[in-house]
Structure formats: structure tokens, C-alpha cells
């Protein structure tokens, strides 16, 4: 599997977003299949996804961040119960870092390094 990582920061609190479940899916041409998952650590990071996917495969991937439980834990209503980020892996040897900046009513992402 390509090296895929993420870092989630809660802009409304000015802190890393710990405890967010993130699902990693791969579209091999027949729809998305779950290939990994993880939970953000105290620093808001997932450095390596627990995975059943053993091949180094280029293609389309999707990270789904499950946000409602995180905001609920902090007593904050949120508009987006989850956020999905879809991206293409062209060279599986390259690292793919996908940060997520979030607040209860919005989020943004970019290709990190």
C-alpha cells in the first residue's frame, strides 16, 4: 500500500484533533473497498493505517473522517458529521500526506509533505 498519512487540526480549539476515526478506501475499478483505518493520536496524526491491503497500488483513494463523535465529545454541534477527501496516487513509492483543518462548520485540506 502507498504510504498514506494524515494530521487533523481543530481550528476552533487551536489544538490537534485526537480520537477521530479515519477510514481509508481504495477504488480498484469496481467501487470503493475499505483497505485501512485508524484513529488520530494525541497529536492529531495517523502515521500508518492498519491495513489488510498488501499491494502497492496506484489509483484513487478516499479518506473518510468521522467527525460527529469528536465534536459531540466536546459538546459542540457540527454541520458535517463526516468529511471525505478523495485523491489519486500516481506513484505508490511517494508518500501521500493529507492534512485536514476542521471546525464545527467547515473543513479544508491540501497535499502535505
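In this note's numbering, the protein residues as written are -10 to 102.
Ideal placement from N, C-alpha and C gives every residue a C-beta, glycine not left out.
Item	Value
So is residue 37 in contact with chain C if we call contact Cβ pairs under 8 Å?	The structure shown contains no chain C; it holds only a single protein chain.
Assuming contact is defined by CB atoms lying nearer than 8 Å, are residue 99 and residue 88 in contact in what I supplied?	yes
Closest to residue 32 by CA distance: which of 3, 81, 62 is it?	3
Which partner residues does residue 85 have in the DSSP bridge list?	-7
I'd like the span of the beta strand (DSSP E) that includes residue 76, first residue to last.	71 to 78
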